[in-house]
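*Asks:* Pasting in a structure now, in structure tokens, and then I'll have a few things to ask.
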Amino acid sequence: IVIFFNRLIYLQPKKRQIFILEYKMSKQNNFLPRLILIACGSYSPPTSMHLRMFEIARNHFMERGMFRVIGGIISPVHDEQHKQGLVGGEHRLAMLKLALRSSNWIRLSDWELRQTQWTPTVDVLKYHKHCIEYAAKTERGEGSGADYAKWLPAELYACTADVQLRFLLGGDLLETLADTKLWSNEEIESLCNYGLVVLTRFGSKPDKFVFESDILSKYCRNIELITNWTTNNLSSTLVRRLLRRGQSVKYLIDDDVIEYINKHNLYR
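When the letters of the sequence shown are read in order and numbered with my numbering, they come out as residues 1 to 268.
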């Protein structure tokens, strides 16, 4: 306590306020339920916004005293999805590894890519949830299997209570849930049972979309809507367009990812 107050004396008012907030959060977080966030997508290429989503979501939960976010998982989609601008899985994995070097809590899972065919999102979540539950019950993760041990957060092994897994997505993906050609009611219900963490853009109306959807409104308590107050239209599509036109993408994606793209002549 003495050290705590001694530090406050020498801090400027603004920094003092931040220090107090962080101190309170660190104490409070020890008693919060644990949460792991998982995001699925193309990541062709991965942008700074893909990683920023995790940070915004973690801050949201911690500031409100809802969860202690102990890990993040990125799962790139299988090559068989055949989306426009999708480069091979080996390139996307390599770029994600480079982009994630700056993060100490977001990890890469290549399970989805290693399957023989495209895997529905619900099944991707089911697999990772099974791994989390198994590892949490196994002392130090022994016997959990090397194939997924790399993306499991170290703190998971010390957890004595259940750890939740929730699906992190953008508001644009949320709105696709209204398309019956892409999602069945059973799939939507399964996703909602895990829990949706939706990053929305300033000015959008995701709450209205949820209200107007019978199935989403049914599970509204499992849908966390988080407004991204930073106006940002950054997307992989935009980055690919700039690259095709020979324009700079510096500060939009990681410098090492830019170097990798240039080395392998991608998105030209």
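Backbone N, C-alpha and C define an ideal beta-carbon position, used for all residues, glycine too. Since this is a predicted model, take the numbers as computed values, not measurements.
Residue ranges of each beta strand (DSSP E) run of no fewer than 3 residues wholly in the stretch 34-67, ordered along the chain?
*Replies:* Whole beta strand (DSSP E) segments, 3+ residues: 34-41.
*Asks:* Nearest to His-130 by CA position, among Leu-113, Val-163, Lys-150, Asn-104, is which residue?
*Replies:* In the sequence shown, the residue the question calls residue 130 occupies position 130. Of the listed residues, the one whose Cα sits closest to His-130 is Val-163.
*Asks:* First and last residue of the alpha helix (DSSP H) that includes Asn-262?
*Replies:* For this step, residue 262 is matched to residue 262 along the sequence shown. Unbroken alpha helix (DSSP H) run through Asn-262: 255-263.
*Asks:* Can you tell me the Cα-Cα spacing of Leu-113 and Ser-42, whole angstroms?
*Replies:* The sequence position of residue 113 within the sequence shown is 113, counting from 1. The sequence position of residue 42 within the sequence shown is 42, counting from 1. Spanning the two alpha carbons is a distance of roughly 10 Å.
*Asks:* Give me the DSSP bridge partner(s) of Phe-209.
*Replies:* In the sequence shown, the residue the question calls residue 209 occupies position 209. BP columns for Phe-209 are empty, so no partner.
*Asks:* Report the rounded CA-to-CA distance for Asn-265 versus Ala-136, giving the unit in angstroms.
*Replies:* As a first step, residue 265 is located in the sequence shown; it is residue number 265 there, counting from the start. As a first step, residue 136 is located in the sequence shown; it is residue number 136 there, counting from the start. So the alpha carbons of these two residues sit roughly 42 Å apart.
*Asks:* Please classify Met-95: is it buried, with 16 or more other beta-carbons within 10 angstroms of its beta-carbon, or exposed?
*Replies:* Counting from 1 along the sequence shown, the entry for residue 95 is found at position 95. Result: buried.
*Asks:* Tell me Gln-286's beta-bridge partners as DSSP assigns them.
*Replies:* Since the first residue shown for the chain is 1 and the last is 268, residue 286 is missing from the structure and cannot be characterised.
*Asks:* For Ile-38, I'd like the list of residues in its chain whose CB is within less than 7 Å of its CB, leaving aside the five on either flank, ordered along the chain.
*Replies:* Along the sequence shown, one-based indexing puts residue 38 at 38. Only Ile-73, Ser-75, Leu-125, His-128, Leu-165, Phe-167, Leu-168 meet the Cβ criterion.
*Asks:* Going by DSSP in three states, Thr-176 sits in which element: helix, strand or coil?
*Replies:* Working through the sequence shown from its first residue, we reach residue 176 at position 176. Thr-176: helix per DSSP, three-state reduction.
*Asks:* Looking at the strands, I want to know which residues DSSP matches up with Lys-129.
*Replies:* Residue mapping note: residue 129 aligns to position 129 of the sequence shown, counting from 1. DSSP output for Lys-129 lists no bridge partner at all.
*Asks:* Taking 8 Å as the threshold (C-beta atoms), are Asp-254 and Leu-93 in contact?
*Replies:* Here residue 93 is taken as the residue at index 93 of the sequence shown, counted from 1. Here residue 254 is taken as the residue at index 254 of the sequence shown, counted from 1. Taking 8 Å as the Cβ cut-off, Leu-93 and Asp-254 do not qualify as a contacting pair.
*Asks:* Tell whether a beta-carbon distance below 8 Å holds between Ser-213 and Gly-171.
*Replies:* To locate residue 213, count along the sequence shown from 1; it is residue 213. To locate residue 171, count along the sequence shown from 1; it is residue 171. For Ser-213 and Gly-171, no; Cβs fall outside 8 Å.
*Asks:* Excluding five sequence neighbours on each side, which residues of the same chain lie with their C-beta closer than 7 Å to the C-beta of Pro-120?
*Replies:* Indexing the sequence shown from 1 puts residue 120 at position 120. Taken in chain order, the residues that qualify are Glu-187.
*Asks:* Is Asn-228 closer than 8 Å to Leu-199 when the C-beta atoms are compared?
*Replies:* Here residue 199 refers to the residue found at position 199 of the sequence shown. Here residue 228 refers to the residue found at position 228 of the sequence shown. A contact, by the Cβ cut-off of 8 Å.
*Asks:* When you compare only the Cα positions, how much space is there between Ser-184 and Ala-161?
*Replies:* Reading the sequence shown from its first residue, position 184 is the one you call residue 184. Reading the sequence shown from its first residue, position 161 is the one you call residue 161. Taking the straight line from one Cα to the other gives about 32 Å.
*Asks:* When burial is assigned at 16 or more other CB atoms within 10 Å of the CB, is Phe-54 buried or exposed?
*Replies:* Working through the sequence shown from its first residue, we reach residue 54 at position 54. Answer is buried; the Cβ neighbour count reaches 16.
*Asks:* For Phe-31, which of Met-66, His-82, Arg-58, Ser-236 has the nearest alpha-carbon?
*Replies:* Within the sequence shown, the letter at position 31 stands for residue 31. Minimum Cα distance to Phe-31 is reached at Met-66.
*Asks:* Using three-state DSSP, classify Val-249 as helix, strand or coil.
*Replies:* For the purposes of this step, residue 249 is identified with residue 249 of the sequence shown, where counting begins at 1. Reduced to three states, the DSSP call for Val-249 is coil.
*Asks:* Taking the runs of the alpha helix (DSSP H) that are 4 residues or longer, which of them lie wholly in the stretch 185-236?
*Replies:* If we require 4 residues or more, the alpha helix (DSSP H) runs fully inside the stretch 185-236 come out as 185-194, 206-212, 214-218.
*Asks:* Sort Ile-56, Gly-89, Cys-40, Ile-36 by Cα distance to Thr-230 and report the nearest one.
*Replies:* Start at 1 with the first residue of the sequence shown, and residue 230 comes out as number 230. Considering only alpha carbons, the answer is Ile-56.
*Asks:* Mind checking Pro-33: buried by the 16 CB within 10 Å criterion, or exposed?
*Replies:* The residue you call residue 33 lines up with position 33 of the sequence shown. With fewer than 16 Cβ atoms within 10 Å of its Cβ, Pro-33 is classed as exposed.
*Asks:* Roughly how many angstroms separate the alpha carbons of Arg-267 and Arg-107, rounded to a whole number?
*Replies:* Here residue 267 corresponds to residue number 267 of the sequence shown, with the count starting at 1. Here residue 107 corresponds to residue number 107 of the sequence shown, with the count starting at 1. Note on residue identity: the sequence assigns Tyr, not Arg, to residue 267. Rounded to the nearest angstrom, the two C-alpha atoms are 25 Å apart.
*Asks:* On the DSSP letters alone, give me the boundaries of the beta strand (DSSP E) that Leu-108 sits inside.
*Replies:* Here residue 108 is taken as the residue at index 108 of the sequence shown, counted from 1. Start and end: 106-108.
*Asks:* Helix, strand or coil for Gly-89 per DSSP?
*Replies:* Position 89 of the sequence shown, counted from the start, is the residue given in the question as residue 89. If DSSP states are grouped into helix, strand and coil, Gly-89 belongs with the helices.
*Asks:* Name the DSSP bridge partner or partners of Ser-335?
*Replies:* Only positions 1 to 268 of the chain appear in this structure, which leaves residue 335 out of reach.
*Asks:* Please work out which residues of its chain come closer than 6 Å, Cβ to Cβ, to Ser-222, disregarding the five sequence neighbours upstream and downstream, and give them in chain order.
*Replies:* Walking along the sequence shown from the start, residue 222 turns up at place 222. It should be noted that the sequence gives Asn, not Ser, for residue 222. Around Asn-222: Cys-192, Gly-195.
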